[in-house]
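Numbering (this note's numbering), first residue to last: 279 to 608. A short worksheet on the structure shown next.
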Ligand code: ASP
């Protein structure tokens, strides 16, 4: 007679489950971005450059501490993004850009590569950390995306932290709105959407993105950041992506998903795929911006077709490596 345990094992092996064995020894890695655009050394003061580098480094360290403690990729992604949402340097949470009607309307999304569960919110005005609300949608609702008043009702129900509109406002963003509306002035182009991708010790990927969108946007305009497959995507079988740039183009080119589809079906590396999608597909439409990419084997990179991207990476007990300009090493 066959031993029952041996039979069970044979059945598991033959049925092929689990499809990809979980490895408890994966070296964790976390990549973040704080927006892409024509960032130039001439326009960025040393003071702001130093502040950006410090903020990116702090977000990387906080997110990596989660991974180092054996925490999951999703927690690392949300931890890093919350830090950047709370920092008014970035166009996400506090410091979000203004709509044409002088309001802040924020979008965010998160995706778990282990089972491709996802959550997103759009056009929220009073939620302190939109990325946490996106996660709440993923974990505590049967939906993937909630918008506007409905998203905010859900936030109240879930006892999320809310803030009055004044909390999100900064003088710099206000000036940027006025300059953009006054087309004769040369407006400082606002960047600062934030995002993160992570790989945890169990070999799981996650991705998240959070933004105030584009300055002077119409009320109700939604960009790529909360659109799963456009601004955010994660699947253990392919890769994890968070994007930043001119959202309309990222939606039309389905950037995040296209990168991961190429990894999955053409067996390209995530960086190779991202280069094709950004430099050929997106550029052909006239769009600009950048992405952070990472796969389960730890292959990762930053790809952008703009002058710079606020970005950083931290891996295996290393110190955070942070970069801004195109010619900075990462
Ligand atoms: N992608 C964002 C949007 O279109 C903006 C950005 O990344 O700067 O809403």
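Here a beta-carbon is modelled for each residue, glycine too, at the ideal position from N, C-alpha and C. None of the values given here were measured: they were computed from a predicted structure.
Option in the options with minimal Cα separation from residue i
{"i": "residue 494", "options": "460, 511, 504, 514", "result": "460"}
{"i": "residue 356", "options": "453, 480, 541, 309", "result": "309"}
{"i": "residue 374", "options": "484, 392, 455", "result": "455"}
{"i": "residue 344", "options": "559, 477, 406", "result": "477"}
{"i": "residue 397", "options": "410, 404, 340, 405", "result": "410"}
{"i": "residue 359", "options": "376, 530, 531, 412", "result": "412"}
{"i": "residue 329", "options": "458, 312, 342", "result": "312"}
{"i": "residue 576", "options": "426, 364, 473, 479", "result": "479"}
{"i": "residue 362", "options": "381, 390, 333, 383", "result": "333"}
{"i": "residue 261", "options": "544, 562, 517", "result": "Here the chain has residues from 279 to 608 only, and residue 261 is not among them."}
{"i": "residue 579", "options": "449, 537, 368, 543", "result": "537"}
{"i": "residue 565", "options": "432, 307, 316", "result": "316"}
{"i": "residue 553", "options": "525, 583, 386", "result": "583"}
{"i": "residue 389", "options": "372, 422, 369, 382", "result": "422"}
{"i": "residue 337", "options": "589, 499, 595", "result": "589"}
{"i": "residue 518", "options": "594, 569, 587", "result": "569"}
Assigned secondary structure, residue i (DSSP; H/G/I helix, E/B strand, else coil)
{"i": "residue 492", "result": "coil"}
{"i": "residue 578", "result": "strand"}
{"i": "residue 486", "result": "strand"}
{"i": "residue 226", "result": "With the chain running from 279 to 608 in the structure shown, residue 226 is simply not present."}
{"i": "residue 476", "result": "strand"}
{"i": "residue 357", "result": "helix"}
{"i": "residue 532", "result": "coil"}
CA-to-CA distance, residue j to residue i, given in whole angstroms
{"i": "residue 319", "j": "residue 603", "result": "8 Å"}
{"i": "residue 442", "j": "residue 399", "result": "18 Å"}
{"i": "residue 299", "j": "residue 497", "result": "With a pLDDT of 47 at residue 299, under the threshold of 50, the predicted position of this residue should be treated as unreliable, and no value is reported."}
{"i": "residue 394", "j": "residue 508", "result": "14 Å"}
{"i": "residue 331", "j": "residue 377", "result": "27 Å"}
{"i": "residue 447", "j": "residue 470", "result": "14 Å"}
{"i": "residue 364", "j": "residue 546", "result": "36 Å"}
{"i": "residue 481", "j": "residue 402", "result": "33 Å"}
{"i": "residue 591", "j": "residue 420", "result": "33 Å"}
{"i": "residue 368", "j": "residue 472", "result": "7 Å"}
{"i": "residue 427", "j": "residue 505", "result": "18 Å"}
Paired residues, beta bridge with residue i - DSSP
{"i": "residue 587", "result": "314"}
{"i": "residue 608", "result": "Residue 608 pairs with nothing; no bridge assigned."}
{"i": "residue 603", "result": "586"}
{"i": "residue 506", "result": "510"}
{"i": "residue 520", "result": "510, 570"}
{"i": "residue 377", "result": "495"}
{"i": "residue 593", "result": "307"}
Test: residue i CB closer than 8 Å to a CB of chain D
{"i": "residue 486", "result": "Of the chains in the structure shown, none is chain D; there is only one protein chain."}
Runs of alpha helix (DSSP H) wholly within the segment 385-464 (minimum 4 residues, chain order)
408-418, 426-435, 443-446, 449-459
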